[in-house]
Amino acid sequence: QYRAIFLHQTIIFAEGNIVGDGFIDAIHPDDLPRVFDSINESIANDISFSEDYRLVQKDGSILWVEARGRIEQDINGRPLQLNGVVLDITERKATESAMRESEERYRTLFEAIDNGFCVLEMIYDENENPIDYRFLETNPTFQKQTGLRDAIGKTARELVPDLDKFWFETYGRVGLTGESVQFENWAEAMQRWFDVHAFRVGPPEKHRVALLFTDITDRKIGEDALRRAHIQSEETNRLKDQFLATLSHELRTPLNAILGWANILRTNEMDRATQQKGLETIERNARSQAQLINDLLDVSRILTGKMRLDLQPIELSELVENAVKNVLPAIEAKQQLIETNIDHSIGLISADADRLTQVFWNLLSNAVKFTPKGGKIAVNLSRVESQVQVQVSDNGEGISADFLPHLFERFRQADASSTRTFGGLGIGLALVRHLMEAHGGTVHAESPGAGQGSTFSVVFPLQAVRIPAEDVMNNVESVMRRNIEEEPLYSDLEGLRILVVDDEADARDMIQLALQHRGAEVIVASHVVGAFERFLESREENRPFDVLVSDVGMPGSDGYQLIRRIRSFETSREDFLPAIALTAFASPKDRMNALLAGFQEHVAKPVDPADLATTIAGLTGRLVPSDDVLH
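In my numbering, the protein residues as written are 109 to 739.
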């Protein structure tokens, strides 16, 4: 009670400003215990009194004051009065509160942002060249973004000794000039990309720099991948355009010869030798076009994953020798010399004979093409440790070092210009690579450089191509049969009634003429409906057809539907009509589809009339030895 009276009696204040009857009543209720405790402590210890507290004014507003003083005591130590001052510190408290709130907001942001943040103290030499910096503050994301632990108080060179000088120079300029910078840069020592905003903070003489940064390594990797994909896309488009231009050239060139000689032959104003030359030219160029188409189809099968191998036991040495024989005419035409070194002890391997023939033919054809007149070509088949190797070498054009890595890519050609010396689509070696990989092997090329020849090597791992001994014995008889020259046979079609179905008039007329020339009676139809009508008429007239030769892809209904309808009418073995699918759909899957539909044979276009006649004769039992034919 005495304390309250004491205060009331000794403190002077402006009349009417304080709530209640006295000064004590004006102290904010929350501050009153603290004020009393402070006064009691001052009395008990005879020390100065100092306290900040709030006064509540009549209008309800708050007045912050700072009270300072000392208790005056009598000779017995009893307090007499408090001498001191009361200062209005309302504005100071408001400023402190604002600063505190700002600090709290800063700290919350500092702790919560996803960006890395730190404050650096730049370190300069006597010439103001930046040589290091010390970390004064870091936020929690700092470690995640940089991978640096316990960085506060340490210098950059302590944490990352081989840090690029770029960072010191850049932050050093900011610390000296106060000019903020924003940039993206690769930190080699940290193996990271950063997006950085650097700006000076605090007094200029402190040389403090704040960094707001983000690790953008993943973004940069993505951008780099997109950039490389874009470059690859542009390169692919360029190669596509180049390929289409080359394809147009390669198709038009033989077409020009075919159409030109066809017009010349139509005049009938030439001797027999010239006519023969024209026919041979037409045939050669037509076969060239067929080969181009086959190569394109093979590329399509590879790209779509539809390339299938027909693995059979084959004699590799025999296959290589036959490939050499196939290119001998071209070698002789260029007066080239070919040397072969064949190891016949390698024996049987399990492979697709047609596809390996394609591999060797491509390699040998390239050697002939790129070797000048009078040049040399060498073919070597050998066993190298646990592998079988076929090498084709030449002393021709060679391969430049910059093109060698792209040699087996699709549509790549060392010279794709309009002035190039050598033709081709640039897909042969790509086919070789894919076919070798499908066989479990590899292909690679070596060349000292342009004009210095080249060597192509195809390699089979022995464990992938060797056949077990029992399989070898089981195939000896078939191997021996292949080595015996077959007796020449003659296709006797005399008197056969053949139904030919094709929507293409030129193809239909050619087949009709070729079969009639061999003595067959040929009835033609241009679509499935007409063909089925001919089939029904022949049954009604009791003059059934002996063979059906039908295209597959036709408007309206296809050849599959035709053969199924015909098979549905057959009730006995005597009613059975042998059928051949003659079609431009030439893949193994197409062959299987034809056989499943009801055809007995699948023959791919373009077809040699003699081969078609042989197939027909084989179906009808009309193949006879040539010696038995009377001329």
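No residue lacks a Cβ here, since even glycine has one placed at the ideal position from N, Cα and C.
Buried or exposed: where does residue i fall if 16 or more other Cβ atoms within 10 Å of its Cβ makes it buried?
| i | result |
| --- | --- |
| F321 | buried |
| S425 | buried |
| G636 | The question names Gly, but residue 636 in the sequence shown is Val. V636 should be labelled buried. |
| S156 | exposed |
| T723 | buried |
| W294 | exposed |
| Q811 | Because the chain is modelled from 109 through 739, residue 811 falls outside the range shown and cannot be assessed. |
| I339 | exposed |
| N148 | exposed |
| T691 | buried |
| M378 | exposed |
| V193 | exposed |
| G561 | buried |
| I366 | buried |
| I671 | buried |
| M588 | Unreliable placement is indicated for M588, whose pLDDT of 40 sits below 50; the coordinate value is still reported in the next sentence. With fewer than 16 Cβ atoms within 10 Å of its Cβ, M588 is classed as exposed. |
| P362 | buried |
| G483 | buried |
| D502 | buried |
| P238 | buried |
| A411 | Checking the sequence shown, residue 411 turns out to be Leu, not Ala. Looking at its Cβ environment, which holds fewer than 16 other Cβ atoms inside 10 Å, L411 is exposed. |
| I674 | buried |
| A370 | exposed |
| I179 | buried |
| A725 | buried |
| S676 | exposed |
| R213 | exposed |
| F274 | exposed |
| S169 | exposed |
| H514 | exposed |
| R346 | exposed |
| N393 | buried |
| R208 | exposed |
| S628 | It should be pointed out that residue 628 corresponds to Ala in this sequence rather than to Ser. Answer is buried; the Cβ neighbour count reaches 16. |
Give me the Cβ distance between residue i and residue j, rounded to the nearest whole Å; I'm assuming they're in contact under 8 Å.
| i | j | result |
| --- | --- | --- |
| A297 | L271 | 5 Å |
| L623 | A721 | 7 Å |
| I450 | E429 | 6 Å |
| G504 | A475 | 7 Å |
| T249 | I260 | So it is not a contact: roughly 14 Å between Cβ atoms. |
| D160 | I197 | 7 Å |
| S288 | A264 | About 19 Å; that fails the 8 Å criterion. |
| I619 | V657 | 7 Å |
| R316 | G286 | Not really, about 11 Å apart at Cβ, beyond 8 Å. |
| D403 | G536 | 7 Å |
| V609 | D659 | 6 Å |
| N470 | L539 | 7 Å |
| L400 | A694 | Not confirmed; about 14 Å, so no contact. |
| Q253 | D323 | 4 Å |
| L417 | A461 | That belief does not hold up - the Cβ atoms of L417 and A461 are roughly 10 Å apart, past 8 Å. |
For residue i, which beta-bridge partners are listed by DSSP?
| i | result |
| --- | --- |
| G280 | G280 is not bridged to any residue. |
| E447 | A486 |
| P569 | Q495 |
| T285 | According to DSSP, T285 bridges with nothing at all. |
| L512 | DSSP, once it has assigned bridges, lists no residue as partnering L512. |
| D502 | I485 and S562 |
| F291 | V304 |
| F157 | G177 |
| A718 | A718 is not bridged to any residue. |
| H710 | A689 |
| A134 | None, per the DSSP bridge assignment. |
With 8 Å set as the bound, which would you pick, yes or no: does the beta-carbon of residue i sit closer than that to a beta-carbon of chain E?
| i | result |
| --- | --- |
| R374 | Reference to chain E is not applicable here, since this structure consists of a single protein chain. |
Worksheet item: Is it true that the segment 420-431 meets the segment 377-394, where meeting means three or more beta-carbon pairs spaced less than 8 Å apart?
Response: no
Discussion item. My parser needs the beta strand (DSSP E) runs of 3 or more residues fully inside the segment 161-211; what are they?
Written reply: 170-181 and 187-196
Practice prompt. Would you list, in sequence order, the uninterrupted alpha helix (DSSP H) runs of no fewer than 4 residues that lie entirely inside the segment 206-276?
Written response: 248-254 and 264-267
Worksheet entry | 4 or more residues per run - each alpha helix (DSSP H) lying fully within the segment 308-372 | Whole alpha helix (DSSP H) segments, 4+ residues: zero.
Worksheet item: Mind pulling the alpha helix (DSSP H) runs of 4 or more residues that sit fully within the segment 640-693?
Response: 667-677
Worksheet entry | Every unbroken alpha helix (DSSP H) within the segment 454-478, with a cutoff of 4 residues, ordered by chain | 461-478
Worksheet entry | Continuous alpha helix (DSSP H) assignments of at least 4 residues falling wholly in the segment 598-630 | The segment 598-630 contains these whole alpha helix (DSSP H) runs: 613-625.
Item to complete: Pair every Cβ in the segment 700-709 with every Cβ in the segment 672-691, then say whether three or more of these pairs are closer than 8 Å.
Response: yes
Practice prompt. For the segment 379-438, list the beta strand (DSSP E) runs that are entirely contained and at least 3 residues long, ordered along the chain.
Written response: 420-423
Worksheet entry | Contained alpha helix (DSSP H) runs [length at least 4] in the segment 538-567, N- to C-terminal order | Runs of the alpha helix (DSSP H) inside the segment 538-567: none found.
Worksheet entry | the segment 482-498 contacting the segment 509-518, beta-carbon criterion three pairs below 8 Å | No: fewer than three Cβ pairs fall under 8 Å.
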